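FYI, in this note's numbering the residues of the sequence shown are 8 to 240. Built from N, CA and C at the ideal position, the CB exists for glycine as well. From a predicted model like this one, the values you see are computed outputs, not experimental measurements. Before any comments, here is the structure.
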Amino acid sequence: MTRVGPRLSLLGLWGLGVLTSAVVSGCFDTTATPFPSGLEPWESPNAAAWPPPIDGDPCPETITFSRRPELGRSTNVHARACIHAPITEVWRAIRNPQTGRDPSSSSPPFIVLPEPIAEECDGLYQTQVHVDDVVDVDFRICWRHEVIEGTDEAPLLTASRWQKVWGTTILTTLEGSLVASPHPDDPSLTRLEYQYHLDALLDGPERIEPYLQAIYERTRDDAHGVPLLPADF
Numbered sequence: 008m009t010r011v012g013p014r015l016s017l018l019g020l021w022g023l024g025v026l027t028s029a030v031v032s033g034c035f036d037t038t039a040t041p042f043p044s045g046l047e048p049w050e051s052p053n054a055a056a057w058p059p060p061i062d063g064d065p066c067p068e069t070i071t072f073s074r075r076p077e078l079g080r081s082t083n084v085h086a087r088a089c090i091h092a093p094i095t096e097v098w099r100a101i102r103n104p105q106t107g108r109d110p111s112s113s114s115p116p117f118i119v120l121p122e123p124i125a126e127e128c129d130g131l132y133q134t135q136v137h138v139d140d141v142v143d144v145d146f147r148i149c150w151r152h153e154v155i156e157g158t159d160e161a162p163l164l165t166a167s168r169w170q171k172v173w174g175t176t177i178l179t180t181l182e183g184s185l186v187a188s189p190h191p192d193d194p195s196l197t198r199l200e201y202q203y204h205l206d207a208l209l210d211g212p213e214r215i216e217p218y219l220q221a222i223y224e225r226t227r228d229d230a231h232g233v234p235l236l237p238a239d240f
């Protein structure tokens, strides 16, 4: 079966004639997808290795991946990373809607809804992503973030989940998990653990890993006070 990944480029995935035929025949619709309750990762432990220590740095600022067996019908990737900033700063960055997107994979407008749509999203915020190519593709993602241990001012363990809750049936499943905690040997560092699932017309770990790389780098930059580019749409 062929599928579409999160870095959508519709013209690059199909020939124009094939895509036009699919659109005319009405293959692609929009639908709502319920977001099950919970914040915990789907699998434990995370299968990715921590970035190996280098020259006295216990956890370099990089991300490592582990390609896992499919979970249901979805391509399944785990990842681990570190940021050289305390979890208070990383937690602030994680909750910034701009760190959860890869600007290279979408088209303007990227929208942070003023309020989540109640029947779709019970999270902290909701975003709408647009891809403008041979056909326009739109979908909405619900984002949940909570402190599991500690407080917002002094978190010790945080959990985030996000999921596509409405949009094109090109994407059947798009969902992710992120857990953050201080490094046990150096609390000035923060450890991140990702899991991501994708079931779509074209998918595969080679489409998931660039997205996780991008959102990790944007979270890292925001935690360090580096302006995120491009600017918000």
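Collapsed DSSP secondary structure at residue i in the structure displayed
{"i": "R87", "result": "strand"}
{"i": "L164", "result": "strand"}
{"i": "L17", "result": "With a pLDDT of only 34 at L17, under the threshold of 50, the placement of this residue in the model should not be trusted; the figure read from the coordinates follows. It is helical."}
{"i": "I215", "result": "helix"}
{"i": "T226", "result": "helix"}
{"i": "A221", "result": "helix"}
{"i": "F72", "result": "strand"}
{"i": "L235", "result": "coil"}
{"i": "L199", "result": "strand"}
{"i": "P189", "result": "strand"}
Where residue i falls, given that 16 or more other Cβ within 10 Å makes a residue buried
{"i": "E224", "result": "buried"}
{"i": "A86", "result": "buried"}
{"i": "T179", "result": "buried"}
{"i": "V186", "result": "buried"}
{"i": "G174", "result": "buried"}
{"i": "E47", "result": "exposed"}
{"i": "I61", "result": "exposed"}
{"i": "D229", "result": "buried"}
{"i": "S188", "result": "buried"}
Contact set for residue i: own chain, Cβ-Cβ below 6 Å, skip 5 residues either direction
{"i": "W169", "result": "I148, W150 and G183"}
{"i": "H91", "result": "E68 and L196"}
{"i": "P191", "result": "none"}
{"i": "L120", "result": "Q133"}
Own chain, CB closer than 7 Å to residue i, minus 5 neighbours either side, in chain order
{"i": "R3", "result": "This structure does not reach residue 3, given that the chain is present from 8 up to 240, and the question cannot be answered."}
{"i": "W49", "result": "L78, S184 and Q202"}
{"i": "W21", "result": "Below a pLDDT of 50, predicted positions are generally treated as unreliable, and W21, at 28, falls in that range; no measurement from the model is reported."}
Residues of its chain near residue i, where Cβ-Cβ distance is below 8 Å and the 5 sequence neighbours each way are ignored
{"i": "S28", "result": "Caution applies to S28, whose pLDDT of 37 falls short of 50 and renders its modelled position unreliable; the value that the coordinates give is listed next. Contacts found: none."}
{"i": "I222", "result": "T106, G107, R108 and D109"}
{"i": "Q220", "result": "I70"}
{"i": "E36", "result": "For the record, residue 36 in the displayed sequence is Asp; it is not Glu. Cβ within range, chain order: T175 and T176."}
- Message: Across the region 79 to 94 and the region 122 to 137, are there enough close Cβ pairs to call them in contact, namely three or more that are closer than 8 Å?
- Response: Remark: fewer than three beta-carbon pairs, one from each stretch, lie closer than 8 Å, so the region 79 to 94 and the region 122 to 137 are not flagged as touching.
- Task: Take every Cβ of the region 88 to 96, pair it with every Cβ of the region 148 to 165, and state whether three or more of those distances are shorter than 8 Å.
- Result: yes
- 4 or more residues per run - each alpha helix (DSSP H) lying fully within the region 77 to 151: 94 to 101
- Inter-stretch contact at 8 Å, needing at least 3 Cβ pairs: the region 109 to 116 / the region 62 to 75: Look at the beta carbons and you see the region 109 to 116 not touching the region 62 to 75: under three pairs across the two are nearer than 8 Å.
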